Amino acid sequence: MQKPKKITKITFSVLLIGITLSLALNFAPIVSSVNAAMGNEELPVIIKMKNDKDFSTKKMKTKDIDKLRNSPDVEYVEIDELQNTQVENVTYQEATVKAPLAWPKMTLLTSKTLVAVCDTGVESTHSDLQENLRKDLGYDIYNNTVTGWDFIQNPHGTMVSGTIAATANNDVGTRGIATKVEIMPLKISFDSTGSSYLSTMATCIKYAADKGAKVVNVSYSGLASRTIQDAASYAMSKNTNVVFAMGNENKVLTNSNNTNIIAVMATDSSNNKASFSNTGKPVDLAAPGVAILTTTTGNGYATVSGTSFSSPIAAGVIAMARGKNPTLTASNIVSNLKTYTNDLGAAGYDTTFGHGLIDADKTVK
């Protein structure tokens, strides 16, 4: 019997910067999740009264914060958040998609949105991924086993996961584009090249949807496959969005746009088309994909380029939108893509940038 067609990993460039950092863990009391659900969780806040020259700080229960904000004597109340000393400035990709404007909207959420990463597996011990990695949901799709998802032969999945959900404000390394999200690590590759069969990719998409992922990121080629399109249709029926990378061959793809797949091309720091990015009929969104700092294996960090990293930026923003507004369905997200973007290129939709550059501030409401 002929083997199914093998789809190889989207090319990505890597510059390892050789950072090894110690593991930092934060342990919370068991009752914290219960308190959060009831609005009894205490958060540090900054309070500025209208008639005072300076602010004050205190801890308040989450249920009381909005009440205080509505007081006529209060100028503002904001969460006194820790800041990550390892990322002193907002990165260009964060600024480009306006992620810093979306993050404060997520502060009071008490649960995280589940994002499945169908890829090469994830390094389970990475310091910057511990907090947002659902190890209990890890699965090796290719070998059909709960073990092996963190047996890493290729760092790509660790890089993609960090692009979405590296922990912020932990004094370690970098941070992901999204907050209040968690990663379901699903391994679809079978060797050190990171290759995967279409059938394995499709199985992964369906598995993730069945396990409750709100968003599935697939940073592989395969958009034109009927098998992949059918899997994405299944995911949509389960209220799961599927986000795909457009690919790095600098080609114009002619296969038709599939409404069940959100395909993402790559831009550079000037909001131009990245030199390697595919374009064409399937494209829906644009997102930064050049010189993205993210996690890699060996508890390290890498600067990477490729639509492999544009896709998880879009996936992370969409996950935040669905977490902030749980009434949003997967179909709502697809229908509203043009309202979530800033137009690039020709006015309106075009086959280079799709609906435009994803805007986290517009998407997360």
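By the working numbering, the letter at position 261 of the sequence shown is numbered 262, and the numbering carries on one by one without gaps.
Cβ atoms here follow ideal geometry from the backbone N, Cα and C, with glycine treated the same way.
Keep in mind it's a predicted model, so treat the numbers as computed, not measured.
Where does the unbroken beta strand (DSSP E) through residue i begin, and where does it stop?
i: E79; result: 75 to 80
i: K188; result: 182 to 188
i: K60; result: 57 to 62
i: N218; result: 216 to 219
i: I263; result: 262 to 268
i: D285; result: 284 to 289
i: T295; result: 293 to 297
i: L115; result: 114 to 120
i: N242; result: 242 to 246
I need the boundaries of the alpha helix (DSSP H) containing residue i, first residue and last residue.
i: I314; result: 308 to 325
i: V161; result: 157 to 166
i: I43; result: The question names Ile, yet the displayed sequence has Glu at residue 43. Run containing E43: none in the alpha helix (DSSP H); it sits in the beta strand (DSSP E), 43 to 50.
i: L130; result: First-last for L130: undefined, no H or E at that position.
i: A361; result: 361 to 364
i: T204; result: 199 to 211
i: I229; result: 227 to 238
i: V335; result: 331 to 336
i: A179; result: Taken as a continuous stretch (DSSP letters only), A179 belongs to no alpha helix (DSSP H), as it is neither H nor E.
i: L102; result: 100 to 103
i: A96; result: 93 to 97
For residue i and residue j, which I take to be in contact (beta-carbon distance under 8 Å), what is that distance rounded to the nearest angstrom?
i: I184; j: V123; result: 7 Å
i: M237; j: S332; result: 7 Å
i: V98; j: I314; result: 6 Å
i: G324; j: K181; result: 5 Å
i: V116; j: N218; result: 6 Å
i: G281; j: A166; result: Wrong, their Cβ atoms sit about 29 Å apart, outside the cutoff.
i: G213; j: N155; result: The pair is not a contact, with the Cβ atoms about 26 Å apart (cut-off 8 Å).
i: A246; j: S312; result: 4 Å
i: A210; j: Y235; result: 6 Å
Report buried or exposed for residue i, applying the criterion of at least 16 other Cβ atoms within 10 angstroms of its Cβ.
i: S34; result: Because S34 carries a pLDDT of 38, less than 50, the predicted location of this residue cannot be relied on, and the following value inherits that uncertainty. S34 comes out exposed.
i: A347; result: exposed
i: R176; result: buried
i: V147; result: exposed
i: F152; result: exposed
i: T298; result: buried
i: T328; result: exposed
i: N52; result: exposed
i: K68; result: exposed
i: N71; result: exposed
i: N1; result: Residue 1 lies beyond the residue range present for the chain, which begins at 2 and ends at 366; the question has no answer from this structure.
i: G349; result: exposed
i: V91; result: exposed
Which residue's Cα is closest to the Cα of residue i: the options?
i: E76; options: K106, I47, E95, T364; result: I47
i: T259; options: V78, E250, V253, I229; result: Per the sequence presented here, residue 259 reads as Asn, with Thr not at that position. The shortest C-alpha separation from N259 is found at I229.
i: N273; options: P289, G281, D285; result: P289
i: I80; options: I66, V91, T92; result: I66
i: N242; options: Y93, K62, A320; result: A320
i: A267; options: L254, T353, K339; result: T353
i: P45; options: N155, T108, T204; result: T108
i: Y221; options: A100, C119, Q131; result: C119
i: G158; options: K239, K62, S197, D55; result: S197
i: N145; options: S190, W104, A264; result: S190
i: G307; options: S112, E250, S257, T92; result: E250
i: L345; options: P73, A303, A287, N300; result: A287
i: K60; options: D74, E43, K49, T126; result: E43
i: T304; options: Y93, M50, T63; result: Y93
i: T168; options: G149, L130, C205, D269; result: L130
i: L110; options: K64, L134, D74, E132; result: K64
Just to confirm, are residue i and residue j a CB contact at a threshold of 7 Å?
i: V291; j: A322; result: no
i: L358; j: N337; result: no
i: V173; j: S128; result: yes
i: D137; j: K188; result: no
i: T164; j: F310; result: yes
i: D351; j: L102; result: no
i: A100; j: I178; result: yes
i: G223; j: L254; result: no
i: P186; j: G139; result: yes
i: N240; j: T330; result: yes
i: T114; j: K215; result: yes
i: V275; j: N256; result: Here the sequence assigns Ala to residue 275, which means Val is not the residue at that position. No.
i: F56; j: K62; result: no
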